[in-house]
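Accompanying notes for the structure given below.
Protein chains in written order, with this note's numbering: chain R, 10 to 726; chain B, 4 to 158.
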């Protein structure tokens, strides 16, 4: 990867800074890693990604955020592999914000798009290989032998001819005096000892004894806590505040107006929250007060009957549809969704005259730091952002608007003390930046032998990227790629294909939500293809097989999932199967759901998942992410829906925005394809197939189609 | 002043007695292993033990804990030797990890009351604890494993 190569020079410069006790060493978040603590005095920091202490402890500096997806393990594995490190001595530390830690593809420091492992694959391996080469050179120098006569294994350099060996810790100080090599060779994959193995996660122990530090756990001396009253209608402004009752409460220090609402700053959370509850605020609600889910639906439906902007066109879909005898038309809907991370949003800010420190679970360090600096009136270099563990992210903590960071700096300016802003669950659910709601209109035709001959798909909804720095890359000809991904790249061999987009303008803040466009397009395309199969009176698996003849990786996962699920074999009475296959984030997923329906109640009994993410690093983590995708996808399939009345969201917490729970968790089987294809992502690709697999199983069970999420049997058609 | 016994240590605090125990643990005592998730006893992230019973500390006032034994995740074991922690390590349960303190505290009561729990017992005891990452299959596996470890005396 060329980006990794271009880092070499800067890495070397960084070495000087690090060895001088500067940037790298200065950053340490208590409680993050015992191993990192042991390595506080590194003898050897050959590049920005690794430090080796004289006691042999190896600290890998990870520039992607850990939100459960396993990067604090998989990225150290990449580095340790090439370093030939003793894995028991490897620890991790979150990277500070610095251009050296920018995403090699996106050019900013961030975590998202299921990209961390594949985009770091060469970068972290090269960092490890460079360190290894320097340790070998140090040993060769000490023994006065040729470097080529030395080998490495399990944290040691060996000189077989003389039987001598030195540990990396013993070599660290000497290696630190050497110049990093310009070029390093990487291992042949057949020699991998860690990559491809189900290595246990490095961050488990601290998550079992309360020591793991999430953003909400950061505590500073003299810190205050703030809770913010935000409007219940998007875009509303404060007209008047009566803060007397709040200020009279014990512990409440200040009540201040900030751009996002009114902040109550107190000694502790509970005092701040009671203070906020006591505020009397008069809002100027603005235009969004008239917004409702019903009005949105009518607006979207009307748009779906008109021609949109073309996202993909081949052949003549309209002409073929008008001449076909066997045609079906369907309208599909997907609602606004909350990310609902278990850890509600929060942010700690310590603002001084010429310096600002921010602690938060960020997926978007470069932007969050720049925003914090702009609000504080400082330069980005005067702001240090400490990335804590994230209690779930799912895209919500990667906000180009940096809403929760920006707000916390505004509060800090008023607080005149270190301050932690905590969002309640209700605040988090009402605070915006949702998966957009979409309405899809489809029309398809099959010929006399049942083959699909035309497919017209119109997608109506808000653009996630319009107005963000990503707009110029991802919005082409007025079509936001994140609105149509998974639909415009439909893999099925259908000769006449038209995919159109209508981008709406609605005052509801929207954002990427785990699997982004695929979270709704896979539901629609995989269910509508099932509708065509039914129209053709063909088995859904057989039907897909023929249409995917030129897509071997789709076909591979489809066959694997179908075989493992026993597609076509008998099931216990009352159980039915549905399947779906979808490509996203460079990976291929197929899933078979086993479902029963009793008196309108849906029970998901089993999920068989096949995943092809190309060359993979840690199959244990992939299995966990597959489990995660099923549960996350089930929540959206069965429950997730934010609805609006008079501009207000009706749902507020887990009692009316339910989560999937242990008693609903199906048996989940995961089958990983082993191949040598280019690596894809794994954090998101497990989500898209879940809803269509369940919906297609419900059709098998009831003969009725599910065209609206979340699934309600009463709404089946 | 409210007299409390937290993880075996007696202490007394000058706090508003209506404050939820969760926020006293987190803000007054610095025991941040107990998490805030919903504030309305719907997610279980804040689960602690009061006199051995699993309690959602986000809705239990600190006054309710007065004079009783409170155990938090920090007090479950000093060195991860509890069979649940051992099983959680062995099965590699956590993903983001935020809900896991509450999961383990709920599972600890289950194991004490049902040393060899069935899947139905696990459903009963654990359904109040939400995991957004979907670690349920591994939690189930780890509870069964912890039961084995406890039975075998390999603490």
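Cβ coordinates follow ideal geometry from the N, Cα and C atoms, glycine included. Small disclaimer: the values here were computed from a predicted structure and weren't measured.
Just grab the DSSP bridge partners of residue 293 of chain R for me. Translated into the one-based positions of the first chain, residue 293 of chain R becomes position 284. In DSSP, residue 293 of chain R forms a bridge with R:246.
Taking buried to mean at least 16 other C-beta atoms within 10 Å of its own C-beta, is residue 3 of chain R buried or exposed? One cannot answer for residue 3 of chain R here, as it falls past the ends of chain R, which runs 10 to 726.
Figure out for me which residue from R:518, R:420 and R:366 has the closest Cα to the Cα of residue 438 of chain R. Counted from its first residue, the first chain places residue 438 of chain R at position 429. When only C-alpha atoms are compared, the closest one is R:518.
Partner residues on chain R for residue 104 of chain B, Cβ-Cβ distance less than 7 Å: Numbered from 1 along the second chain, position 101 holds the residue referred to as residue 104 of chain B. Per Cβ cutoff of 7 Å: 219.
Reduced DSSP secondary structure (H/G/I, E/B, other) of residue 413 of chain R: Along the first chain, one-based indexing puts residue 413 of chain R at 404. Residue state, collapsed to three classes: helix.
Ignoring anything shorter than 3 residues, give me the beta strand (DSSP E) runs that lie fully in the stretch 132-214 of chain R, in order along the chain. 159-162, 165-168 and 173-176
For residue 87 of chain R, which option in R:327, R:132 and R:534 has the closest C-alpha, if you only look at C-alpha atoms? Here residue 87 of chain R corresponds to residue number 78 of the first chain, with the count starting at 1. For residue 87 of chain R, the nearest C-alpha among the options comes from R:132.
With three or more C-beta pairs closer than 8 Å as the rule, is the stretch 464-477 of chain R touching the stretch 490-497 of chain R? yes
Between residue 201 of chain R and chain B, is the shortest Cβ-Cβ distance under 9 Å, so that the two count as touching? Here residue 201 of chain R refers to the residue found at position 192 when the first chain is read from its first residue. Residue 201 of chain R does not count as touching chain B.
Select from the stretch 49-63 of chain B all residues with a C-beta closer than 9 Å to any C-beta belonging to chain R, and list them in chain order. none
So, residue 135 of chain B versus residue 641 of chain R, is the Cβ gap smaller than 9 Å? As a first step, residue 135 of chain B must be located in the second chain, where it is residue number 132. As a first step, residue 641 of chain R must be located in the first chain, where it is residue number 632. Yes, these two residues count as a Cβ contact at 9 Å.
Can you name the residues that DSSP bridges to residue 64 of chain B? Counted from its first residue, the second chain places residue 64 of chain B at position 61. B:23, per the DSSP bridge assignment.
Could you check the C-alpha separation between residue 37 of chain R and residue 589 of chain R for me, to the nearest Å? Start at 1 with the first residue of the first chain, and residue 37 of chain R comes out as number 28. Start at 1 with the first residue of the first chain, and residue 589 of chain R comes out as number 580. A caution first: residue 37 of chain R carries a pLDDT of 32, below 50, which makes its placement in the model unreliable, though a value can still be read off. Those two C-alpha atoms are separated by around 45 Å.
Is there a C-beta anywhere in chain R that falls below 9 Å from the one on residue 43 of chain B? As a first step, residue 43 of chain B is located in the second chain; it is residue number 40 there, counting from the start. It does; some Cβ of chain R falls within 9 Å.
Integer-rounded CB distance, given that residue 394 of chain R should sit under 8 Å from residue 377 of chain R: Looking up residue 377 of chain R in the first chain gives position 368. Looking up residue 394 of chain R in the first chain gives position 385. Contact holds; Cβ gap of about 6 Å.
Looking at C-alpha atoms only, which residue of R:579, R:536, R:599 and R:633 is the closest neighbour of residue 561 of chain R? As a first step, residue 561 of chain R must be located in the first chain, where it is residue number 552. If we check each option's Cα against that of residue 561 of chain R, R:599 comes out closest.
Using 9 Å as the threshold, is the C-beta distance between residue 618 of chain R and residue 639 of chain R below it? In the first chain, counting from the first residue as 1, residue 618 of chain R sits at position 609. In the first chain, counting from the first residue as 1, residue 639 of chain R sits at position 630. In this structure, residue 639 of chain R lies closer than 9 Å to residue 618 of chain R by Cβ.
Is residue 791 of chain R near residue 107 of chain R, with beta carbons less than 9 Å apart? Summary: the structure shown does not reach residue 791 of chain R, with chain R confined to residues 10 through 726, and so no result is reported for it.
Would you say residue 594 of chain R faces chain B, with C-beta separation under 9 Å as the test? In the first chain, counting from the first residue as 1, residue 594 of chain R sits at position 585. Chain B, which has no Cβ nearer than 9 Å to the Cβ of residue 594 of chain R, makes this no.
Whole beta strand (DSSP E) runs in the stretch 402-446 of chain R with 3 or more residues, listed along the chain? 428-431
So is residue 674 of chain R in contact with chain B if we call contact Cβ pairs under 9 Å? Walking along the first chain from the start, residue 674 of chain R turns up at place 665. For residue 674 of chain R, the answer is yes, since a Cβ of chain B falls inside 9 Å of its Cβ.
For a contact defined as C-beta to C-beta under 7 Å, what are the partners of residue 214 of chain R on chain B? Position 205 of the first chain, counted from the first residue, corresponds to residue 214 of chain R. Within 7 Å Cβ-Cβ: 83 and 92.
Presumed contact (8 Å Cβ cut-off) between residue 68 of chain B and residue 20 of chain B, rounded CB distance: Start at 1 with the first residue of the second chain, and residue 68 of chain B comes out as number 65. Start at 1 with the first residue of the second chain, and residue 20 of chain B comes out as number 17. Not quite, the Cβ-Cβ distance comes to about 10 Å (not below 8 Å), so this is no contact.
Proximal chain B residues relative to residue 663 of chain R, where beta-carbon distance stays under 7 Å: As a working note, residue 663 of chain R is residue 654 in the first chain. Chain B residues near residue 663 of chain R: 41, 45, 46 and 133.
Listed by chain order, chain R residues near residue 22 of chain B by CB distance under 7 Å: Reading the second chain from its first residue, position 19 is the one you call residue 22 of chain B. 279, listed in chain order.
Any beta carbon from chain R within less than 9 Å of residue 14 of chain B's own beta carbon? Within the second chain, the letter at position 11 stands for residue 14 of chain B. Not closer than 9 Å to any Cβ of chain R, the Cβ of residue 14 of chain B fails to qualify, so no.
Can at least three beta-carbon pairs, one atom from the stretch 269-279 of chain R and one from the stretch 229-240 of chain R, be found at a separation below 8 Å? yes
Residue 210 of chain R versus residue 592 of chain R: straight-line alpha-carbon distance, rounded: Working through the first chain from its first residue, we reach residue 210 of chain R at position 201. Working through the first chain from its first residue, we reach residue 592 of chain R at position 583. So the two alpha carbons sit approximately 27 Å from each other.
For residue 52 of chain B, which residues in the same chain have their Cβ closer than 6 Å to its Cβ, ignoring the five residues on either side in sequence? Here residue 52 of chain B refers to the residue found at position 49 when the second chain is read from its first residue. Once the five neighbours on either side are set aside, the close Cβ partners of residue 52 of chain B are 74.
For residue 153 of chain R, does the count of other Cβ atoms within 10 angstroms reach 16, so buried, or fall short, so exposed? On the first chain, residue 153 of chain R is found 144 positions in, with the first residue counted as 1. Looking at its Cβ environment, which holds fewer than 16 other Cβ atoms inside 10 Å, residue 153 of chain R is exposed.
Listed by chain order, chain B residues near residue 166 of chain R by CB distance under 9 Å: If you number the first chain from 1, residue 166 of chain R lands on position 157. Neighbours of residue 166 of chain R on chain B: none; closest Cβ ~31 Å, over 9 Å.
Using a 10 Å radius around the Cβ and a threshold of 16 neighbouring Cβ atoms, would you call residue 134 of chain R buried or exposed? On the first chain, position 125 is the one that residue 134 of chain R refers to. It is buried - the Cβ of residue 134 of chain R has at least 16 other Cβ atoms within 10 Å.
So residue 633 of chain R and residue 98 of chain B are supposed to be a Cβ contact under 8 Å. How far apart are they, rounded? Position 624 of the first chain holds residue 633 of chain R. Position 95 of the second chain holds residue 98 of chain B. Yes, residue 633 of chain R and residue 98 of chain B are in contact; Cβ-Cβ is about 6 Å, under 8 Å.
So, residue 550 of chain R versus residue 522 of chain R, is the Cβ gap smaller than 9 Å? In the first chain, the residue the question calls residue 550 of chain R occupies position 541. In the first chain, the residue the question calls residue 522 of chain R occupies position 513. The answer is no: Cβ separation not under 9 Å.
is_contact[residue 713 of chain R, chain B] using C-beta, thresh 9 Å: As a first step, residue 713 of chain R must be located in the first chain, where it is residue number 704. False, the Cβ-Cβ gap to chain B never drops below 9 Å.
Please report how far the alpha carbon of residue 21 of chain R lies from the alpha carbon of residue 313 of chain R, in whole angstroms. On the first chain, position 12 is the one that residue 21 of chain R refers to. On the first chain, position 304 is the one that residue 313 of chain R refers to. With a pLDDT of 30 at residue 21 of chain R, under the threshold of 50, the modelled position of this residue cannot be trusted; read the value that follows with caution. The alpha-carbon atoms of residue 21 of chain R and residue 313 of chain R are separated by roughly 56 Å.
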